[in-house]
Each structure stands twice: as structure tokens, then as C-alpha cells.
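S.K.:
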Amino acid sequence: MKSPVLTFAPVLIGIAVCGGCRTFYEEAQEARRDAMYGTGEIARQRAAKMAGSTVNRKLGSIELARLKQLQGDFAGSSAVLGPQLEELFDETNDGPILKKGQIGGNILAGTLSDDLAIPYELPAFELLFGLQYQAINSLCLGNPNNARVYLRRATAVQEQLKEANEKHVDGEVEVSPAAQEDGSDARKAENAKNAQEASSQIIGKLSPVADAVRASYENALAWYLMGLVFAKENDSNAGIAFREAARIAPAIAPLSRPAPGAGQDVIVVYEEDLVDSQEPIKIPLPFGGTIWSVDFPVFNAPAHAPAQIAVEVGGAVAATCVPVVNVQALAYRNLRDRIPGVVTRNVTRAAVKIAAQQVANHVNTRNVYANVALMAGVFAYNTFSTAIAEADTRAWQTVPEHVHLARIRLPADRGSVVLRNAMTGKACEVALPKEPAGAGTRVIWFTDVRGFSTVTVITIGGRGAPTWARSASLL
């Protein structure tokens, strides 16, 4: 018979080895810092590694595609992102339909496995940004028809989820029967009380920001871009798209029509900063007379005040950008919708581990060494699994915190605009390549990721070639 030490020595070795390992959260933060202030290479390598995995394939692919787009590699971005998006939809006679179970959180979760072992599915707000970015890739690659397809899918997702009585499909979580078998009625009651306590704590942190939006799947920008495409095709559905965009974000309503006067119709899309990161927290909860710390994901940042971005022409303010997509609130709302299911799973796992230890403590094998070995083995397993356990903080790191919009009429004798942050005073001049007057609507897409900011100029409904350049940050 093995000695008690040998019984759990491998586990203790594992704990010692993992003590120097970086957690998923720590790796994500390193990649985030690199995307904001470095070259983007560390972030790209991490995204590529995730894209090659099983459980993080979709997350890694969209992250990698976004980083390629920020580096001006629209073909490379499209090649990575396209296949991931294609597998999520069925094309029917009535239009694109999101396949069932393809929204993050709608998963069958086991009791003993860690949440990080569950394949990552894109929550609705991330999926919508993926479709928008693929539409931009298509426009930059000269494929306006493909752009139309992806924008139609982005609006179809919102219609589909809205028609489901706004049940927040991205927040529904199924718990497997095994996860509900907690033992005695007393233990089930204790688990339910612990789950309620943890949920209340986390939801209390999220609600002040999450309540700024009605649902995590509403995105006015997708509808607005669809309206622009329809308008350039003289499609009567443009009005429907613009109205839906204004329903979600009323500030968009004045931007549904070109500004009066002669000259070039110019849209400014300003993506501000990066969305907050989910952070791991431990909440101590009582289980059967003992206290056990359980891991959960949470957002801790307060509501973000959007920047004040002015569009200047010839030294005068032509327009002020209005915030139209509060991505921070969408992310908080998505997590808040998922928290009850996350808490149920994690509390159940903790209860199972503690119950196993209690059983082991009371088993009598009629051999003192065997008794000690059994108790020590269960204790060591629980200690090891708790030490390496990590809250599931997986999320798309490079979507913005806020998206702003402005629309101006650029006089024919002007070939550039200046974007200025009224709060910091920082400014950036954006030149627009020349093209025949009235050839299309110019879109200045400014992504402000501090040290890694970029400006892309594209044309909707015209022949102008896209331009891309690195830019100084306005933040």
C-alpha cells in the first residue's frame, strides 16, 4: 500500500510547478498592454495560439482577425474571421438565421470541469462586432456585396433575438442534471443560498453600468451601416434600418440624412479605447460548517464617461461626435445575464469537493494508514484543483469601450478633417484621398487604442480606394 505522502505527492508537485505558471487572466492582461502600448506582436502570438486550440478557437480567431485589421492587413483579417462567421449561420429563403446554441452562455455545463474547459462561444455583442469588422474588411477589399451580406447578418441576429421575446439568449445557461445532484435537501438549500449570495454581490457590481442598455444584443451601429449601404443602392429598406438604429440610439436620428450643402458626404466612426477586462474574484461562502472561497468573473470599473470628439474643417467645428454604442454597458449586461448560471455551476463544484472530503474523513477502512491516505488524497486533490481553478474571464480584448459617430458635408475645396478631443486637447488631421465628387460616402474609421491607434478611410457606394495609417491617440 502507498504511504499517505506518496498518495498525494504528485498533486503537491503539480501545485509547486503551477505556482510559477501565469493564469489565463494574466496572459490576457499582458496581451492587452501590448496591444495598447507595444508592437502588438505578443497579442498576435497569443491570439494565434488560442485560434489553434479547441476550447478557445473562436475567441482566438476574432482576436487575431482584429489585430490583423488594426495593422492594415484586411485580407489576412478577412481570411481568419470569415470561416468563423460562416459556420454560425444558416442561409434560408427568409434570410440568414443564427444557428441554435451559437450564442455564448447557451451551454451545457458539467459539475466537475472548470468553466475554462468549456468551448468559448461569442456572446451576441462580440458576434455583432465581428460581423461589422468583416463588413469593413470586405469594403476595403473592394467587395461591397460581401459587406452587405455581413451587415444583413448583423441586423438579422438582432431581429432574431428580439423576436425571441427578448429572453437574452446570450444569457441563458443550461445546467446538466449531474450539476443539480447535490445530495441532501439541506445541502441543496445551502447551495441555493450560497448561489443567491454570490449572485447578489456580483450583480450589484454590474448593474449600475449594465442598466444603461436594454439588452446585450442591441447595436445601433450595425443598423446604421446597413442603412448607409441600402441608401447608396437606393433601397427603400434604408429607412427601416435608420429607424431601428435611432430606436436603439436616438442620437443617430439626425445622422440618417447627409448634411446639407455641396461637397463630400463624410461619416466619422471613432472607436474609443478598449472595453474593460473581466477580473477574477474570490467570494468566501459557507459550506457544511466550513468556509470555502469560490472563483467568479466580475467587472470592477465604474461607468466610463465618453470622450468629447469634435470634427473640425478649416479651423472651425463642423460637428461633434455622439456616442452611439456603449460597449462597456453591453459587456456588463452580457455578464450580468450569465451570472446566475456561472454561479450555480461554481457553487455546485465547490459543494461536490467539500462533500467528497467529508465522506473521506468519515470512511473507516480498518487501516489507519489507509484512512489517512484517503483523507489526504481527497484533500490534496481539492487543494490542487482549487489552486489551479480560475474564474472564466475570457472575452474579446480589442473591441472598443465606446463608439462615436458624426456626419458632415466636406466642401469641395477641403481635402482633410481634424479630429480633436475637447477633454485632452489632442488632435489628429485625417487626409481624404481625392476622387470624383459625389462618387460615394466617405467613412473615416478611427480606432483609438492609445499607443496603437489607426485610421482607415473607406468609401461606400463609390470607387475610392481605401487608405490605412497609424495615428496619434486622442486619449
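For the sequence shown, this note's numbering assigns the number 11 to the initial residue and increments by one for each residue that follows.
We put the CB at the ideal spot given by N, CA and C, even for glycine.
1. Under the DSSP definition of a beta bridge, which residues are partnered with R417?
2. Could you check which residue in M46, V440 and A75 has the C-alpha nearest to that of K59?
3. Closest to L415 by CA distance: which of I454, C331 and L138 is it?
4. Check the DSSP bridge columns for R253 and list the partner residues they point to.
5. For N510, which of helix, strand or coil comes out of DSSP?
6. Please go through the segment 276-314 and give each complete beta strand (DSSP E) segment of 3 or more residues, from N-terminal end onward.
7. Contact defined as beta carbons within less than 8 angstroms: I believe Y47 pairs with R460. What is the distance between those atoms, to the nearest angstrom?
8. Could you check whether the segment 286-297 touches the segment 199-212, counting it as contact only if at least three pairs of C-beta atoms, one from each stretch, sit closer than 8 angstroms?
9. On the DSSP bridge assignment, give the partners of W455 in chain order.
10. Our contact map puts T451 next to L265 with C-beta atoms below 8 angstroms; I'd like the distance itself, whole angstroms only.
11. Grab the span of the beta strand (DSSP E) containing L10 for me, first residue to last.
12. Just to confirm, are I468 and I262 a CB contact at a threshold of 8 angstroms?
13. Taking the beta strand (DSSP E) that I319 belongs to, which residues open and close that run?
14. Once you ignore the five residues that flank E191 on each side, which residues in its own chain have a CB closer than 6 angstroms to its CB?
15. I need the DSSP call for S483, collapsed to helix, strand or coil.
16. Are the CB atoms of S426 and E445 within a distance shorter than 8 angstroms?
17. Using the DSSP secondary-structure output, state which residues sit across from C438 in a beta bridge.
18. What residues are listed by DSSP as bridge partners for W478?
19. Who pairs with D100 in a beta bridge, going by DSSP?
20. Buried or exposed, going by whether 16 or more other CB atoms sit within 10 Å of the CB of L384?
21. Between the C-alpha atoms of T49 and S463, what's the straight-line distance to the nearest angstrom?
22. May I ask you to verify whether the segment 217-226 touches the segment 242-257, counting CB pairs closer than 8 angstroms and requiring at least 3?
23. Out of A326, R56, N356 and I319, point me to the one whose CA is closest to S523's CA.
24. Which residue marks the beginning of the beta strand (DSSP E) containing V223, and which one marks its end?
25. Given that a residue counts as buried once 16 or more other Cβ atoms are within 10 Å of its Cβ, and exposed if not, what is D305?
26. Enumerate in chain order the residues of its own chain whose CB-to-CB distance from M236 is below 6 angstroms, with the five nearest sequence positions on each side excluded.
27. Hey, could you find the ends of the alpha helix (DSSP H) T165 is sitting in?
28. In whole angstroms, what is the alpha-carbon distance linking P350 and A360?
29. Who are A326's beta bridge partners in DSSP?
30. Under DSSP, the alpha helix (DSSP H) around I52 begins and ends at which residues?
31. Does the pairing of the segment 133-142 with the segment 351-358 give three or more beta-carbon distances under 8 angstroms?
32. Kindly say whether M433, judged by its beta-carbon, lies nearer than 8 angstroms to any beta-carbon of chain B.
33. Can you tell me whether V373 is buried or exposed? The criterion is at least 16 other CB atoms within 10 Å of its CB, across all chains shown.
34. What's the call for S246, buried or exposed, on a 16-neighbour Cβ count within 10 Å?
35. I'd like to check one pair, P129 with V65: are the Cβ atoms closer than 8 angstroms?
M.R.: To lay it out plainly:
1. Residue mapping note: residue 417 aligns to position 407 of the sequence shown, counting from 1. The beta-bridge partner set that DSSP reports for R417 consists of I277.
2. Taking the sequence shown and counting its residues from 1, one reaches residue 59 at position 49. Nearest option by C-alpha distance: A75.
3. Walking along the sequence shown from the start, residue 415 turns up at place 405. Nearest C-alpha to L415 among I454, C331 and L138: C331.
4. Counting from 1 along the sequence shown, the entry for residue 253 is found at position 243. Paired residue(s): none; R253 is not in a bridge.
5. The structure shown has nothing for residue 510, since the chain only spans 11 to 485.
6. Runs found: 289-297 and 300-308.
7. Residue 47 sits at position 37 when you count from the first residue of the sequence shown. Residue 460 sits at position 450 when you count from the first residue of the sequence shown. For a cut-off of 8 angstroms, the C-beta gap from Y47 to R460 is around 7 angstroms, short enough to register as a contact.
8. With the rule of 3 Cβ pairs closer than 8 angstroms, the segment 286-297 counts as touching the segment 199-212.
9. Here residue 455 corresponds to residue number 445 of the sequence shown, with the count starting at 1. V279 and T466.
10. The residue labelled residue 451 in the question sits at position 441 within the sequence shown. The residue labelled residue 265 in the question sits at position 255 within the sequence shown. With 8 angstroms as the limit, T451 and L265 do not qualify as a contact, their Cβ atoms being about 12 angstroms apart.
11. With the chain running from 11 to 485 in the structure shown, residue 10 is simply not present.
12. Here residue 468 refers to the residue found at position 458 when the sequence shown is read from its first residue. Here residue 262 refers to the residue found at position 252 when the sequence shown is read from its first residue. No, the pair does not count as a contact, with Cβ atoms beyond the cut-off.
13. Working through the sequence shown from its first residue, we reach residue 319 at position 309. Where I319 is concerned, the enclosing beta strand (DSSP E) stretches over I319 to V323.
14. To locate residue 191, count along the sequence shown from 1; it is residue 181. The pLDDT assigned to E191 is 45, lower than 50, so where the model puts this residue is not dependable; a value taken from the coordinates is nonetheless given after this. For E191, where only same-chain residues beyond five positions count, there are no Cβ hits under 6 angstroms.
15. For this step, residue 483 is matched to residue 473 along the sequence shown. DSSP, read as helix, strand or coil, puts S483 in coil.
16. Residue mapping note: residue 445 aligns to position 435 of the sequence shown, counting from 1. Residue mapping note: residue 426 aligns to position 416 of the sequence shown, counting from 1. No, Cβ-Cβ distance for E445 and S426 is not below 8 angstroms.
17. The residue you call residue 438 lines up with position 428 of the sequence shown. Among the bridge pairs identified by DSSP, C438 is matched with L429.
18. Along the sequence shown, read from residue 1 onward, the residue named residue 478 stands at position 468. DSSP, once it has assigned bridges, lists T466 as partnering W478.
19. Position 90 of the sequence shown, counted from the start, is the residue given in the question as residue 100. By DSSP's assignment, D100 forms a beta bridge with I107.
20. Counted from its first residue, the sequence shown places residue 384 at position 374. Its pLDDT being 39, under 50, L384 is placed unreliably by the model, and the measurement read from it follows with that caveat. Under this definition L384 is a buried residue.
21. Working through the sequence shown from its first residue, we reach residue 49 at position 39. Working through the sequence shown from its first residue, we reach residue 463 at position 453. It is roughly 11 angstroms from the alpha-carbon of T49 to the alpha-carbon of S463.
22. Because the criterion of three Cβ pairs below 8 angstroms is not met, the segment 217-226 and the segment 242-257 do not touch.
23. This structure cannot speak to residue 523, because the chain is shown only from 11 to 485.
24. Within the sequence shown, residue 223 is the residue found at index 213, counting from 1. V223: not part of any beta strand (DSSP E); DSSP gives it neither H nor E.
25. Along the sequence shown, read from residue 1 onward, the residue named residue 305 stands at position 295. Around the beta carbon of D305, 16 or more other beta carbons sit within 10 angstroms, so the residue counts as buried.
26. Indexing the sequence shown from 1 puts residue 236 at position 226. L161, T165 and A251.
27. Locating residue 165 in the sequence shown gives position 155, counting from the first residue. That run of the alpha helix (DSSP H) goes P154 to E173.
28. On the sequence shown, position 340 is the one that residue 350 refers to. On the sequence shown, position 350 is the one that residue 360 refers to. Their Cα atoms are separated by approximately 16 angstroms.
29. Here residue 326 corresponds to residue number 316 of the sequence shown, with the count starting at 1. According to DSSP, which records beta bridges pairwise, A326 is partnered with V323.
30. Taking the sequence shown and counting its residues from 1, one reaches residue 52 at position 42. That run of the alpha helix (DSSP H) goes E51 to A61.
31. The segment 133-142, when compared against the segment 351-358, does not touch it at the 8 angstroms Cβ threshold.
32. As a matter of chain content, chain B is missing from the structure shown, which is built from one protein chain.
33. Locating residue 373 in the sequence shown gives position 363, where the first residue counts as 1. Because V373 carries a pLDDT of 46, less than 50, the predicted location of this residue cannot be relied on, and the following value inherits that uncertainty. Under this definition V373 is an exposed residue.
34. Residue mapping note: residue 246 aligns to position 236 of the sequence shown, counting from 1. Exposed: under 16 other Cβ atoms inside 10 Å.
35. Start at 1 with the first residue of the sequence shown, and residue 65 comes out as number 55. Start at 1 with the first residue of the sequence shown, and residue 129 comes out as number 119. Contact annotation: V65 and P129 have beta-carbon atoms nearer than 8 angstroms.
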